[in-house]
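One structure is given below, encoded as C-alpha cells.
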Amino acid sequence: MIRYKIALLGLLKEMPMHGYEINRQIEERHMRDWAKIKMASIYNNLLALNKKGLVEVRKKKIGKMPERKVYHITSRGSRELNALLKKGLSCYEGDSNAVFLLSLGFMTHLSGDKALAALNVRKNSLKVFLKQIIDIHRGLIDKIPFNWAFIIINSTNHMKTEIKNMEAVIKSVKKSAKGFKK
Numbered sequence: 257m258i259r260y261k262i263a264l265l266g267l268l269k270e271m272p273m274h275g276y277e278i279n280r281q282i283e284e285r286h287m288r289d290w291a292k293i294k295m296a297s298i299y300n301n302l303l304a305l306n307k308k309g310l311v312e313v314r315k316k317k318i319g320k321m322p323e324r325k326v327y328h329i330t331s332r333g334s335r336e337l338n339a340l341l342k343k344g345l346s347c348y349e350g351d352s353n354a355v356f357l358l359s360l361g362f363m364t365h366l367s368g369d370k371a372l373a374a375l376n377v378r379k380n381s382l383k384v385f386l387k388q389i390i391d392i393h394r395g396l397i398d399k400i401p402f403n404w405a406f407i408i409i410n411s412t413n414h415m416k417t418e419i420k421n422m423e424a425v426i427k428s429v430k431k432s433a434k435g436f437k438k
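As C-alpha cells, this is what we get:
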C-alpha cells in the first residue's frame with residue numbers, strides 16, 4: 257500500500273484529478289512498469305485514502321458529461337505524503353530483496369549446476385529488464401523533470417550493478433563446486 261500511497265498522494269499533490277486522469281498520469285510516467293502500480297488497485301486505494309481522511313472526493317459536472325469524482329489531497333494527506341517521502345528517501349529496506357538473498361545464502365543445498373543455471377536465468381532476466389528500461393526511456397530523459405530523470409538513472413545504474421554482482425557470484429560458484437550438494 258505504501259507505493260500506492262506515495263503515487264496517488266504525489267499525483268494529487270500536483271493537482272486534483274479524476275480517476276481517469278490519475279490512470280493516464282500513471283501510464284504516461286510508466287509507473288506500472290517500475291513502481292508496479294496496477295490499474296485495478298487504484299480505485300480501492302483511493303477509497304482507502306478517502307476513509308483515512310488523506311484525500312477528499314468532490315463531484316464535478318462538465319457540460320452534458322456524467323458527474324465525475326475529482327480527488328483532492330487534504331492537509332492531512334500532504335503531511336502523510338511528506339512523512340512517506342522522507343522515509344522513502346532516507347531508509348534502505350534491506351528485506352525488499354529477501355527471497356533472492358535467502359536463496360543465495362542457501363544455494364549450496366542445490367547442485368552446482370542447478371545453482372549456476374538459476375543464477376544465469378536471473379542474470380539474463382536482469383539484462384532483459386535493463387534493455388527494457390533503456391528502450392522505454394530512450395529520448396525521454398531530456399523531456400522530463402530532473403527528479404523524474406533520476407528514476408531512470410537510478411534504475412539503469414541499479415540493473416548494471418545487479419548484473420555485475422550476478423557475474424561475480426557465477427564466477428565464484430564455478431570456482432567453488434565442492435561446496436555444493438552432489
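Position one of the sequence shown corresponds to residue 257 (the numbering used here), numbered consecutively onward.
The C-beta atom is built at its ideal place from N, Cα and C for all residues, glycine as well.
Residues near residue i by beta carbon distance below 6 Å, same chain, minus five either side
| i | result |
| --- | --- |
| arginine 324 | His274 and Lys316 |
Buried versus exposed, by CB contacts within 10 Å (16 or more), residue i
| i | result |
| --- | --- |
| isoleucine 318 | exposed |
| leucine 267 | buried |
| histidine 365 | exposed |
| leucine 357 | exposed |
| lysine 408 | The sequence shown places isoleucine at residue 408, rather than the lysine named in the question. So isoleucine 408 ends up on the buried side. |
| asparagine 301 | buried |
| isoleucine 271 | At residue 271 the sequence reads methionine, which differs from the isoleucine that was named. Burial call: exposed. |
| methionine 429 | Inspection of the sequence shows that residue 429 is occupied by valine rather than by methionine. Buried is the call here. |
8 Å Cβ shell around residue i - same chain, five flanking residues per side excluded
| i | result |
| --- | --- |
| lysine 292 | Arg259 |
| alanine 304 | Met257 |
| isoleucine 298 | Tyr260, Leu264, Gly275, Ile278, Asn279 and Ile282 |
8 Å Cβ cutoff, residue i in contact with chain B
| i | result |
| --- | --- |
| tyrosine 327 | Structure shown: chain B not included; a single protein chain is present. |
Own chain, CB closer than 7 Å to residue i, minus 5 neighbours either side, in chain order
| i | result |
| --- | --- |
| arginine 332 | Gly309 and Leu310 |
Residues bridged to residue i [DSSP beta-bridge criterion]
| i | result |
| --- | --- |
| histidine 274 | Val326 |
Spatial distance of residue i from residue j (CA atoms)
| i | j | result |
| --- | --- | --- |
| threonine 330 | asparagine 403 | 24 Å |
| asparagine 338 | lysine 431 | 48 Å |
| asparagine 353 | proline 322 | 45 Å |
| lysine 294 | isoleucine 397 | 24 Å |
| glycine 361 | valine 425 | 12 Å |
| isoleucine 390 | threonine 412 | 7 Å |
| leucine 386 | isoleucine 262 | 24 Å |
beta-carbon residue i near the ligand HEM non-hydrogen atom, thresh 7 Å
| i | result |
| --- | --- |
| lysine 370 | Of ligands this structure carries none, so the ligand HEM is not represented either. |
Whole alpha helix (DSSP H) elements within the stretch 286-319, 4-residue minimum = 287-290 and 295-307
Those runs of the alpha helix (DSSP H) which lie wholly inside the stretch 364-393 and span at least 4 residues | 368-393
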